[in-house]
Amino acid sequence: MKIRGLFTAFSTAALLTLSGLQNIAMAAGIQIENAYAREMPPQAPASAAFMQISNHNASAVKLIGAESDAAELVELHTHSNDNGVMRMRKVSDINIPSHGTVLLQPGGFHIMLINPKTAFKAGNHINLTLQFSNGEKQSMQIPVKTMQAMMNNQNHHDHDHTMEHHHH
């Protein structure tokens, strides 16, 4: 009996560890995957957070805000092409269609972490809470990654994303 109890505890711990490696959070049909923040030089005025948000609900939902104790100000941003010049601008929300997925990625939608309280170093984690139009909030700890790790991650995302479309 004791051995079985230990095995069950070990199995549960192993499952929790494995799910932690996936970096997935899920609440009320909204799934967050592969969330991370960008490492930055010590005096940088801002960093950014990226992730994949999937909406498994029957109706669209909007990401309407985010907060973090790691930065003075947290805003939703996107990049737009202004006569051939890429400009970053604040947006009031990011629409996640019903049964759809939105990628927050470099060059597109992202979460700006302005005036970080300490420099974001690779290997550290920061707290991030997302606020959605349906009243849901999702809090998570996300890892800080180097630019190189982000680029590797991005290539992986693109590959997964195109594979996903073939199945539909």
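Taken in order, the sequence shown gives residues -27 to -1, 1 to 141; the numbers are from mature numbering (1 follows the signal peptide of the UniProt record, and there is no 0). C-beta atoms are modelled at their ideal positions from N, C-alpha and C, and glycine is treated no differently. In this text the structure is predicted, and so the values were computed from the model without any measurement.
*Hey, out of 14, 6 and 22, whose CA is closest to residue 86's CA?*
22
*Buried versus exposed call for residue 17 [16 or more other C-beta atoms within 10 Å across all chains shown]*: exposed
*Please name the residue in 54, 28, 57 and 67 whose C-alpha comes closest to that of residue 39.*
67
*Nearest-angstrom Cα distance between residue 148 and residue 46?*
Outside the modelled stretch of the chain, which goes from -27 to 141, sits residue 148, for which no answer is possible.
*Cβ-Cβ separation, residue 84 to residue 93 (assumed contact under 8 Å), whole Å*: Not quite, the Cβ-Cβ distance comes to about 13 Å (not below 8 Å), so this is no contact.
*asked:* Can you find the residues in the same chain that come closer than 7 Å, C-beta to C-beta, to residue 73, ignoring five residues on each side of it along the sequence?
replied: 28
*In three-state DSSP terms, what is residue 125?*
helix
*Could you check if residue 13 is buried or exposed, using at least 16 other CB atoms within 10 Å of its CB as the buried criterion?*
buried
*Between 11, 119, 69 and 91, which lies nearest to residue 42 when the distance is taken from Cα to Cα?*
91
*asked:* Tell me the DSSP secondary structure of residue 13 in three-state form.
replied: coil
*Return the residue from the list 55, 48, 103 and 54 that minimises the CA-CA distance to residue 26.*
103
_Nearest neighbour of residue 145, chosen from 4, 71, 80 and 121 [CA to CA]_ = Nothing can be reported for residue 145: it is not among the residues displayed for the chain, which extend from -27 to 141.
*Within 8 Å, strictly: CB atoms of residue 34 and residue 106*: yes
*asked:* Among 88, 69, 119 and 101, whose alpha-carbon lies nearest the alpha-carbon of residue 32?
replied: 69
_Host beta strand (DSSP E) of residue 110 (start-end)_ = 110 to 118
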